[in-house]
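This report concerns only the one structure given below.
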Amino acid sequence: MNTTIQGSNTPTIFIIFGITGDLAKAKLIPALFNLYQKQQLPDQFKVIGFARRSFTNEEIRALLRPALEKLDATPESIEVFLEHVIYHQGHFDETERYKALDDVVSGVEREFGVCTNKILHLSVRPTHYDEVIDNIAQTQIVHGCSDTVGWARILIEKPFGESSDTARALDEKLRNIFQDEQIFRVDHYLGKGGVRDIEKFRFENGEMEAKWNKDSIEKITVNLLESNDADTRGAFYDAVGALRDVGQNHLLEMLAQVVMDNPEDRADILKRLSLKEIVTRAQYEGFRDVEGVLEDSNTETFFHVIANIENDRWNGVAIHLISGKALDRSEANVTVDFKDGTKHVFIIQPVSSEVPDAYENVFADAIVGEQKYFVSLDEVVASWDFIEKVEEVMKGTPLTYYKKGSKLDN
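In the working numbering, the protein residues as written are 27 to 436.
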């Protein structure tokens, strides 16, 4: 299995499993289109969509076109891009359809006249991960054409497992097929410019970094607030809740960027997290009336917990982790309060429309093999270990209720 990193202009095939889903339509295809517009994709590329519905190439392009028409682009550029998109129908458990995918890939390589690199993106529900990975293993897609030509990389979305044990099991399954440098665990918040700017602000600012510790800082607050509710995906959200949906991933990755000792240190910081207090565990009024939600649901749609980082640099600094749905606004930010009364706020979103979308950065990094802003297995396991401890304490925390559109006061 070849993992040689070649130039970013090597002909590349993007294979999106679940291309008819919301993530692919709203985020992945627009991100690839924007990279195409900026001439940041290889000159020769193809997007192969894999999903269960029966579509022709023209029909899948018609499905994807509306999202692209919302972008700043001419109709001509959209049509030229969509000519690069082709469709392959198959259910996720149909091994034969994966083997037939080999023929589609071979056809593209004959068209290009060269062995291509392949980027596989699992834009499917986590319940399908096992069967998709097992079937990918039966194909030739994951193998290079020789020891030096072509590679395959796989992008897999959060949540990576449902616990530290299942995360390890999923990783073992992937490592039976791929080497670690081929596995890209996606938390798209690490693709956001605002999150990446935290690192730049800290490590390019020696004066600020010198007081980036418990001696100068009183508390750190990580907010991820959403005005939208869970009314269109009640069954899913009732089974997951806010803590697992964004607490285990987005919030902890934002925190890690702020408090890590160096850019390779996110996992170590997460291992040192301990829970101090459950401030609030709440559910918005009307959630139990949503289709798919149990009438006696005990699922939180909002939480506020306080944590501590048990190391010499941060011990004693209050770490506030706050997230919820159906609030008065949507925003993500990290506020650092200093003991002298000043503060610094990192704004993650909303951002200017001129800022590259997170998934543009995700794909751009995957093309060149840059894993810095993807999540390591150690990070995943450490975050699950912390969240599982929080959940144990939450079981004894009474659920409170709030009205839709409530304003957070912190």
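Ideal Cβ positions, reconstructed from N, Cα and C, are used throughout, including at glycine. Computed from a predicted model, the values in this text were never measured in an experiment.
Evaluate residue i with the Cβ neighbour count: other Cβ atoms within 10 Å of its Cβ, from every protein chain shown; 16 or more gives buried, anything less gives exposed.
{"i": "phenylalanine 262", "result": "exposed"}
{"i": "valine 460", "result": "Any answer about residue 460 is impossible in this case: the structure gives the chain only from 27 up to 436."}
{"i": "aspartate 98", "result": "exposed"}
{"i": "aspartate 197", "result": "buried"}
{"i": "alanine 333", "result": "buried"}
{"i": "isoleucine 374", "result": "buried"}
{"i": "glycine 33", "result": "Residue placement at glycine 33 cannot be trusted, given a pLDDT of 46 that sits under 50; what the coordinates show is reported in the next sentence. So glycine 33 counts as exposed."}
{"i": "asparagine 231", "result": "exposed"}
{"i": "methionine 27", "result": "Note that methionine 27 scores a pLDDT of 37, beneath 50, so its modelled location is shaky and nothing firm can be said."}
{"i": "proline 68", "result": "buried"}
{"i": "glutamate 279", "result": "buried"}
{"i": "serine 80", "result": "exposed"}
{"i": "arginine 201", "result": "exposed"}
{"i": "asparagine 143", "result": "buried"}
{"i": "aspartate 271", "result": "buried"}
{"i": "glycine 367", "result": "exposed"}
{"i": "alanine 195", "result": "exposed"}
{"i": "threonine 165", "result": "buried"}
{"i": "leucine 320", "result": "exposed"}
{"i": "lysine 237", "result": "exposed"}
{"i": "valine 394", "result": "exposed"}
{"i": "arginine 136", "result": "exposed"}
{"i": "glycine 133", "result": "exposed"}
{"i": "serine 356", "result": "exposed"}
{"i": "glycine 217", "result": "buried"}
{"i": "lysine 433", "result": "exposed"}
Are the CB atoms of residue i and residue j nearer to each other than 8 Å?
{"i": "isoleucine 246", "j": "isoleucine 345", "result": "yes"}
{"i": "serine 149", "j": "glycine 44", "result": "yes"}
{"i": "lysine 302", "j": "alanine 408", "result": "no"}
{"i": "threonine 361", "j": "phenylalanine 328", "result": "no"}
{"i": "alanine 193", "j": "phenylalanine 204", "result": "no"}
{"i": "asparagine 275", "j": "isoleucine 348", "result": "no"}
{"i": "valine 140", "j": "proline 56", "result": "no"}
{"i": "glutamine 397", "j": "phenylalanine 210", "result": "yes"}
{"i": "isoleucine 304", "j": "threonine 423", "result": "yes"}
{"i": "glutamate 235", "j": "phenylalanine 364", "result": "no"}
{"i": "threonine 121", "j": "alanine 77", "result": "no"}
{"i": "leucine 90", "j": "valine 111", "result": "yes"}
{"i": "leucine 108", "j": "leucine 251", "result": "no"}
{"i": "glycine 170", "j": "tyrosine 113", "result": "no"}
{"i": "lysine 51", "j": "alanine 88", "result": "no"}
{"i": "aspartate 438", "j": "alanine 282", "result": "Look at the range of the chain in this structure, 27 to 436, and you will see that residue 438 is not part of it."}
{"i": "alanine 390", "j": "leucine 61", "result": "yes"}
{"i": "valine 212", "j": "phenylalanine 400", "result": "yes"}
{"i": "valine 175", "j": "isoleucine 39", "result": "no"}
{"i": "alanine 308", "j": "tyrosine 215", "result": "no"}
{"i": "tryptophan 340", "j": "serine 189", "result": "no"}
{"i": "phenylalanine 71", "j": "isoleucine 224", "result": "no"}
Which residues does DSSP list as the beta-bridge partners of residue i?
{"i": "lysine 369", "result": "Asp363"}
{"i": "valine 73", "result": "Phe40, Val111"}
{"i": "leucine 299", "result": "Ile335"}
{"i": "leucine 148", "result": "Phe43, Ile182"}
{"i": "isoleucine 348", "result": "Asn249, His330"}
{"i": "isoleucine 304", "result": "Val331"}
{"i": "tyrosine 385", "result": "BP columns for tyrosine 385 are empty, so no partner."}
Taking 8 Å as the CB-CB cut-off, is residue i touching chain C?
{"i": "glutamine 397", "result": "Given the protein chain composition of this structure (a single chain), no chain C is represented."}
Mind listing, in chain order, the continuous alpha helix (DSSP H) runs of no fewer than 4 residues lying wholly within the region 160–223? Complete alpha helix (DSSP H) runs here, min 4: 190–201.
Counting pairs of Cβ atoms below 8 Å between the region 309–326 and the region 253–268, do you hit three or more? yes
Could you name each continuous alpha helix (DSSP H) segment of 4 residues or more that falls completely within the region 397–436, going from the start of the chain to the end? 403–420
Within the region 230–258, note down every full alpha helix (DSSP H) run reaching 4 residues or more, in order along the chain. Entirely contained in the region 230–258, the alpha helix (DSSP H) runs reaching 4 residues are, in chain order, 232–236.
Counting beta carbon pairs with one atom in the region 264–275 and one in the region 321–336, are three or more of them shorter than 8 Å? Enough Cβ pairs lie closer than 8 Å, so yes.
With three or more beta-carbon pairs closer than 8 Å as the criterion, would you say the region 153–160 touches the region 98–107? no
The region 382–393 contacting the region 336–344, beta-carbon criterion three pairs below 8 Å: no
Pairing CB atoms from the region 83–91 with CB atoms from the region 116–132, are three or more of them under 8 Å? Because the criterion of three Cβ pairs below 8 Å is not met, the region 83–91 and the region 116–132 do not touch.
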